[in-house]
Amino acid sequence: MASESAKVMISLPREFLVAIDRVAKEEHRSRSELLREAARQYIEAHRKPLRPIDRPEVREAIATMDRLAAETRSIPGWDAVTAIRRDRDRDKPSRRRA
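For the sequence shown, this note's numbering assigns the number 140 to the initial residue and increments by one for each residue that follows.
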């Protein structure tokens, strides 16, 4: 179902309108299409950001971490914290005192 369009009247500086028309012509779009897309992008960019947990990639990462945690629980003697610290310490430059 297509939404009903409404017409609006706005005031723009002449130079701004010239630039809009130039870009619309270069992109083979109407002025209305260009301004509609610009408004859509502005609204999207200023929309309230999602909580991290609401982002699909974050949910996927958490699911992967949960799966890996479940898999490593069955390995005798495996401690993820110890492994992370060992790797972290291995990658640190040594701090020998003179």
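Idealized CB from N, CA, C, for every residue including glycine.
- According to the DSSP assignment, Ala208 belongs to the alpha helix (DSSP H) that extends over 195 to 212.
- Apart from the 5 residues on each side of it in sequence, Trp217 sits with its Cβ closer than 8 Å to the Cβ of Thr211 in its chain, given in chain order.
- Separation of Lys146 and Asp205 (C-alpha to C-alpha, rounded to the nearest whole angstrom) is 52 Å.
- About 6 Å separates the beta carbons of Ile159 and Arg170, which is inside the 8 Å limit, making them a contact pair.
- In terms of Cβ geometry, Arg186 and Ile192 do not form a close pair [threshold 8 Å].
- When C-alpha distances from Val220 are compared across Ser213, Ala208, Lys231, Asp230, the shortest belongs to Ala208.
- Taking 8 Å as the cut-off, the Cβ atoms of Leu173 and Val162 count as close.
- DSSP places Arg186 in no alpha helix (DSSP H); its state is neither H nor E.
- Around Ala184, the same chain offers no residue with a beta carbon nearer than 6 Å, after the five sequence neighbours per side are excluded.
- DSSP places Leu156 inside the alpha helix (DSSP H), whose first and last residues are 153 to 165.
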